[in-house]
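Take a look at the structure below.
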Amino acid sequence: MKKLFLVLCVSAFAFGSVMANDSELFSYDKAKVQSAVSDMSQVEQLISQNPTVSADDLMAQGKIDASFEVSSTSPFSVNGEPPLGIPSFLWGCILGLVGLLIVYLITEDKEETKKALWGCVASAVVGIIFYFAFWGALFAGASTI
Amino acid sequence: MKNIRYLLILSLFCCAFSSLDAQKFFRLKGDFSIKAKADNGKSQLTIGKFYYDRNFKKLVYINTFPKKESWVSIDTSVYHIVNNKVIDRQSAPPIAEFSIFHLALNSQLSNYGFKNTVLKIEKVERQGDMVITTWAPPEKAAKLFGKIKTSTKNNKLFGIVFLDTEGKVLKKQFFNNYKNLNGLEFPQEVVDIAYVKGKENYQVTTYKNIVIDDLTEGNIYNYSVPGGK
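So, in structure tokens, the structure goes:
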């Protein structure tokens, strides 16, 4: 009985630990994030009070410094990087929209991803050629009947 | 005769309710700001307006800070436009259909649109007030791409965690401060945390003054790229 109780306790603890890991993934330090962007929040506040103020004006007034990115910023890129510099729509042909989204997120192991990309493209091209060859042969055969 | 009349009235009621249920929102516009902080200390602030119509599928950002410019995603292209001239065009995935706007308008935000993709649900579990779903890539892609976990609270998307093939966290996204816009729930804040070489990069996107199904400014929703689409 004691052994059974011990096994149940250990199992429950292990199970609870596994469950806790997943929920812990969905947490972040809100204060840390807000603190990190607090300088930009202040600049945002200045702009809301004076919508016509430019980045150059703010720089001249000392409100922003050299660490502030003032060049064109696309709202589509994450941290200013294009998707690996590869036409990512090609991923979409193979894996669909999810593959395209994932390409944006993966910034590590670019060489491996590029190799996989060309492999996927090559297989798709071969597949298309076989497809047309098959149907072409089928209709060619049918037309002789 | 009476029975037929009752049946007719009943079917009319059913049609009326089903059409109410089928009513979908189709447009969103509003103000946005993106505050990004990279691990090298670089800061980035972008302010402007966004426009999206789920029928045209053209995602339009009109920036007012730091530069006055437009960024438009149409099909597999992203156009950078300044003073009504196309400065640059890049090939890109059909971003608009995976945007928070498209997903919200199509009631797919709770699963981030993953339900209609090649991803398969591997596990669903309730932990506290969250329902956590684990999405797995197809077998053939499992060596390249890791799993994705989404969590919802009260049927609203709360967070997404992207993992690599070894289960290491690549990126987290959190959707906060939902606002009910005549029945459409929309998050007013999205927090992105990207983990690159052990460091954290932050991006906080806020949405304000959101208007749904506005019938004005139709030319912006159906943006005509100068010299193009």
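Protein chains in written order, with our numbering: chain A, 16 to 160; chain B, 11 to 239.
Beta carbons are placed, not taken as given, at the ideal position from N, Cα and C, and that holds for glycine.
Would you say residue i faces chain A, with C-beta separation under 8 Å as the test?
i, result
"residue 80(B)", "no"
"residue 235(B)", "no"
"residue 112(B)", "no"
"residue 77(B)", "yes"
"residue 30(B)", "Bear in mind that the predicted position of residue 30(B) carries a pLDDT of just 46, short of 50, making it unreliable; the figure below should be weighed with that in mind. It does not: the Cβ of residue 30(B) has no partner Cβ on chain A nearer than 8 Å."
"residue 169(B)", "yes"
"residue 66(B)", "no"
"residue 203(B)", "yes"
"residue 220(B)", "no"
"residue 54(B)", "yes"
"residue 88(B)", "yes"
"residue 232(B)", "no"
"residue 62(B)", "no"
"residue 214(B)", "yes"
"residue 141(B)", "no"
"residue 138(B)", "yes"
"residue 184(B)", "yes"
"residue 179(B)", "yes"
"residue 2(B)", "The structure shown does not extend to residue 2(B), since chain B is modelled only from 11 to 239, so the question has no answer here."
"residue 131(B)", "no"
Checking the sheet assignment: what are the DSSP bridge partners for residue i?
i, result
"residue 202(B)", "183(B) and 213(B)"
"residue 84(A)", "54(B)"
"residue 63(B)", "37(B) and 68(B)"
"residue 92(B)", "95(B)"
"residue 136(B)", "141(B)"
"residue 87(B)", "84(B) and 101(B)"
"residue 129(B)", "Bridge partners of residue 129(B): none, in fact."
"residue 9(B)", "The structure shown does not extend to residue 9(B), since chain B spans only 11 to 239, so no value can be given for it."
"residue 146(B)", "130(B)"
"residue 196(B)", "189(B)"
Nearest chain B C-beta to residue i closer than 8 Å, yes or no?
i, result
"residue 16(A)", "no"
"residue 72(A)", "no"
"residue 51(A)", "yes"
"residue 40(A)", "yes"
"residue 20(A)", "no"
Thinking C-beta only, is residue j closer than 8 Å to residue i?
i, j, result
"residue 211(B)", "residue 197(B)", "no"
"residue 173(B)", "residue 156(B)", "yes"
"residue 62(B)", "residue 37(B)", "yes"
"residue 48(A)", "residue 214(B)", "yes"
"residue 90(A)", "residue 81(B)", "yes"
"residue 220(B)", "residue 191(B)", "yes"
"residue 252(B)", "residue 38(A)", "Only positions 11 to 239 of chain B appear in the structure, and residue 252(B) is not among them; the question remains open."
"residue 52(A)", "residue 45(B)", "yes"
"residue 52(B)", "residue 115(B)", "no"
"residue 159(B)", "residue 142(B)", "yes"
"residue 206(B)", "residue 185(B)", "no"
"residue 165(B)", "residue 117(B)", "no"
"residue 78(A)", "residue 61(A)", "yes"
"residue 97(B)", "residue 73(B)", "no"
"residue 42(B)", "residue 231(B)", "no"
"residue 49(B)", "residue 182(B)", "no"
"residue 59(A)", "residue 55(B)", "yes"
Under the three-state reduction of DSSP, which class applies to residue i: helix, strand or coil?
i, result
"residue 54(A)", "helix"
"residue 100(B)", "strand"
"residue 111(B)", "helix"
"residue 120(B)", "helix"
"residue 46(B)", "strand"
"residue 219(B)", "strand"
"residue 75(B)", "strand"
"residue 61(A)", "helix"
"residue 155(B)", "coil"
"residue 190(B)", "strand"
"residue 20(A)", "helix"
"residue 176(B)", "coil"
"residue 79(A)", "coil"
Where does the unbroken alpha helix (DSSP H) through residue i begin, and where does it stop?
i, result
"residue 16(A)", "Premise fails: residue 16(A) is in no alpha helix (DSSP H) and is neither H nor E."
"residue 74(A)", "70-75"
"residue 228(B)", "228-231"
Just curious, the beta strand (DSSP E) that residue i is in, first and last residue?
i, result
"residue 84(B)", "79-84"
"residue 41(A)", "Segment: none, residue 41(A) is in no beta strand (DSSP E) and carries neither H nor E."
"residue 168(B)", "166-173"
"residue 161(B)", "158-163"
Between residue i and the ligand ATP, is the CB less than 7 Å from at least one heavy atom?
i, result
"residue 17(A)", "In the structure on display, the ligand ATP does not appear, and there are no ligands present to speak of."
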